[in-house]
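Asks: Residue numbers (the working numbering): 27 to 553. We put the CB at the ideal spot given by N, CA and C, even for glycine. Since the structure is predicted, the reported quantities are computational estimates derived from the model, not experimental observations.
(1) Taking only runs of the beta strand (DSSP E) that begin and end inside the stretch 384 to 460, which ones reach a length of at least 3 residues, in chain order?
(2) Considering only residues of the same chain and omitting the five flanking positions on each side of residue 559, which have a CB-CB separation below 8 Å?
(3) DSSP on residue 308, reduced to helix/strand/coil?
(4) If you count every other CB in all the chains shown that lies within 10 Å of the CB of residue 53, and 16 or more means buried, which is it?
(5) Using a Cβ-Cβ cut-off of 8 Å (strictly less than) and excluding sequence neighbours within five positions of residue 242, which residues of its own chain qualify?
(6) Measure the alpha-carbon distance for residue 527 versus residue 306 and round it to whole angstroms.
(7) Helix, strand or coil: how does DSSP classify residue 468 here?
(8) Taking buried to mean at least 16 other C-beta atoms within 10 Å of its own C-beta, is residue 173 buried or exposed?
(9) For residue 546, I'd like the list of residues in its chain whose CB is within less than 7 Å of its CB, leaving aside the five on either flank, ordered along the chain.
(10) Please classify residue 515 as buried or exposed, where buried requires at least 16 other C-beta atoms within 10 Å of its C-beta.
(11) Which term fits residue 47, buried or exposed, when burial requires 16 or more other beta carbons within 10 angstroms of its beta carbon?
(12) Using only alpha-carbon positions, find the residue among 121, 537, 332 and 443 that is nearest to residue 416.
(13) Just checking my contact of residue 535 with residue 366 at CB under 8 Å: how many whole Å lie between their CB atoms?
(14) Less than 6 Å between C-beta atoms, sequence neighbours within five positions excluded: which residues of the same chain meet that for residue 347?
(15) Check the DSSP bridge columns for residue 352 and list the partner residues they point to.
(16) Determine, using beta carbons only, whether residue 250 and residue 482 come nearer to each other than 9 Å.
(17) Enumerate in chain order the residues of its own chain whose CB-to-CB distance from residue 371 is below 6 Å, with the five nearest sequence positions on each side excluded.
(18) Out of 426, 80, 151 and 114, which has the shortest C-alpha to C-alpha gap to residue 140?
(19) Which complete beta strand (DSSP E) runs does the stretch 123 to 156 hold, if anything under 3 residues is left out?
(20) Skipping 5 residues on each side, what residues in its chain have a beta carbon closer than 8 Å to that of residue 202?
(21) Could you tell me the distance, in whole angstroms, from the CA atom of residue 268 to the CA atom of residue 284?
(22) Within this structure, are the beta carbons of residue 328 and residue 389 separated by less than 9 Å?
(23) State the Cα-Cα distance for the pair residue 49 and residue 277, rounded to the nearest angstrom.
(24) With burial defined as no fewer than 16 other Cβ atoms inside 10 Å of the residue's Cβ, what is the status of residue 540: buried or exposed?
(25) Using the rule of at least 16 other Cβ atoms within 10 Å of the residue's Cβ for burial, across every protein chain shown, is residue 65 buried or exposed?
(26) Can you tell me which of the three DSSP states residue 193 falls into?
(27) On the premise that residue 162 lies in contact with residue 211, defined as a C-beta separation below 8 Å, what is that separation, rounded to the nearest angstrom?
(28) What are the complete beta strand (DSSP E) segments, minimum 3 residues, inside the stretch 164 to 250?
(29) Check this for me: beta carbons of residue 449 and residue 473, under 9 Å apart or not?
(30) Once you ignore the five residues that flank residue 132 on each side, which residues in its own chain have a CB closer than 6 Å to its CB?
(31) If you reduce the DSSP assignment to three classes, tell me which class residue 549 lands in.
(32) Looking at C-alpha atoms only, which residue of 167, 187, 158 and 204 is the closest neighbour of residue 176?
(33) Just tell me which of 143, 411, 505 and 193 has its CA closest to the CA of residue 160.
(34) Do residue 374 and residue 13 count as a contact pair if the criterion is CB distance below 9 Å?
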């Protein structure tokens, strides 16, 4: 594909900048509030929040983080977790667990549980529910990313109904990552949950109905332990494509839209008065994955050529409209594993990349898989052009999101692929034991290395994820990322959403899951 063709495609994506100008300061929001309340004013009560998302509910992938926006938002609003991370740090905050004590050797965690919590069917929440939930988390059919951490819990003491003691095979530096992510489910209705017919949680909203490929409706839990939410209900409206999200938001059919193109996001918020919220703390990383089973890509020289060929600033600037920043290592800037110098090793250097390709020898065409949802088609064309510049021919291979995810989990790409990964926004050890692209035990790149596995285990098996031992292990992991290049990072990307001015106090977590327990609607400004 020619440079001119790619440039024209990019202009189609970002052309709004020439007609709408810069977004006003009032529409650039990084916190949870859009509609504002005066001091001392209570949140308005009532109303149905209409949330536009891409994709349908998928019971088969319900507990897999990032499987779909709708799955995640059902988990976060119908269910609760034991603890909750703030968005600006990794300090655990109480949720269903009121307080906890980690043994000095890191082999035991005692959690005191709230005694005023009930499931939506009226059954009291007790310590046995913690054990049953974590065992169900492991048993499938789901393939949750924190499965290795959950499997390291060797015993549960539930003698006290309001206290649970977890015993570990070894210290777990990311145990609170698991407890922030794994919802407490009702084991008595587990078969119905797996079938997608019953979602019985303890959260601020009750699951009411699901019309496949159309909508999901939640209603206020008036008996919620943390107080009933202001909203009467939340209706998730399932859009078939990004354009329909924009159209429905623009025509007043939605109050909140998540998953629009960056073009439409800027148009809605820059020209038409909708509000933009950047989901900081829930960063994701755009990357090029590399399957080492491919005989050509098993040559480190070709992987280095790819790393030098990519025009990262162009992708972050033109495609994501600077909603992010370029990286070579996966860590966001606030992570204890982050070092600015790590992100200067690979910059676009066509001459150097060509020399590496020449040293490798003639390159047969390599496939590049990408998801047809979102901006990956545009990024794939840029990557294809970048690699053509250095002598690496690429064949683009589109997949729907379900097929792309299945290939990721199974390590079945056979060449290159494009996706975004998460988990670098948790304790750094989580990346190498939980994320499909990085898991030292089995990863999407089919990469194996004894030293990498040892560093992953060391980082994971300490009580304190910010100890000197942990920090040293993170350095070793980062060197493997940069030296072995089983995937090539492009940049950290922030996820934006657009809301009507009538929407107030939208909250989210580190998994890009919305929390509407304190969200409210005002009549003023509703489109």
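Replies: Based on what the coordinates show:
(1) Secondary structure remark: continuous beta strand (DSSP E) runs of at least 3 residues inside the stretch 384 to 460, in chain order: 392 to 397, 420 to 425 and 442 to 447.
(2) With the chain covering only 27 through 553, there is no way to say anything about residue 559.
(3) Note: residue 308 maps to coil in three-state DSSP.
(4) Low local confidence applies: a pLDDT of 37 at residue 53 is under 50, so the model's placement there is unreliable, with the coordinate-based value given in what follows. Residue 53 should be labelled buried.
(5) Counting only Cβ-Cβ distances below 8 Å, and skipping sequence neighbours, we find 83, 96, 100, 233, 235, 236, 261, 262 and 264.
(6) Here the C-alpha atom of residue 527 lies approximately 20 Å from the C-alpha atom of residue 306.
(7) Residue 468: coil per DSSP, three-state reduction.
(8) So residue 173 counts as buried.
(9) Cβ neighbours of residue 546 beyond the five flanking positions: 69, 70, 256, 257, 530 and 531.
(10) Buried, since its Cβ has 16 or more Cβ neighbours within 10 Å.
(11) Annotation note: pLDDT 38 at residue 47 (below 50); position unreliable, coordinate value reported separately. Label assigned to residue 47: exposed.
(12) For residue 416, the nearest C-alpha among the options comes from 332.
(13) Between residue 366 and residue 535 the Cβ distance is about 27 Å, and since that is not below 8 Å, they are no contact.
(14) Excluding residues within five positions, the ones whose Cβ falls inside 6 Å are 288.
(15) Answer is 517.
(16) Their beta carbons are not under 9 Å apart, which means residue 250 does not touch residue 482 by this criterion.
(17) The answer, listed in chain order, is 354 and 508.
(18) Among 426, 80, 151 and 114, the Cα nearest to that of residue 140 is on 151.
(19) As summarised for the stretch 123 to 156, the continuous beta strand (DSSP E) elements at least 3 residues long and confined to that stretch are 123 to 128 and 134 to 139, given in chain order.
(20) Here residue 202 has 109, 111, 116, 118 and 453 as same chain residues with Cβ atoms under 8 Å from its own Cβ, once five neighbours each way along the sequence are excluded.
(21) Spanning the alpha carbons of residue 268 and residue 284 requires a straight line of approximately 9 Å.
(22) Going by C-beta atoms, residue 328 is nearer than 9 Å to residue 389.
(23) In this predicted model, residue 49 has a pLDDT of only 39, less than 50, meaning its place in the structure is not dependable enough to derive any value.
(24) Only buried fits residue 540, as 16 or more other CB atoms lie within 10 angstroms of its CB.
(25) Per the 10 Å Cβ criterion, exposed.
(26) Residue 193 falls in the strand class under three-state DSSP.
(27) In this structure residue 211 touches residue 162 by the C-beta definition: roughly 6 Å separates them, less than 8 Å.
(28) Every unbroken stretch of the beta strand (DSSP E) spanning 3 or more residues and falling wholly within the stretch 164 to 250 is given here in chain order: 179 to 183, 189 to 194, 231 to 237 and 241 to 246.
(29) Their beta carbons are not under 9 Å apart, which means residue 449 does not touch residue 473 by this criterion.
(30) 197 and 489.
(31) When secondary structure is reduced to three states using DSSP, residue 549 falls in the coil class, being assigned neither helix nor strand.
(32) Minimum Cα distance to residue 176 is reached at 204.
(33) Checking every option, the nearest Cα to that of residue 160 belongs to 193.
(34) Lying outside 27 to 553, the shown extent of the chain, residue 13 is not represented and no answer is given.
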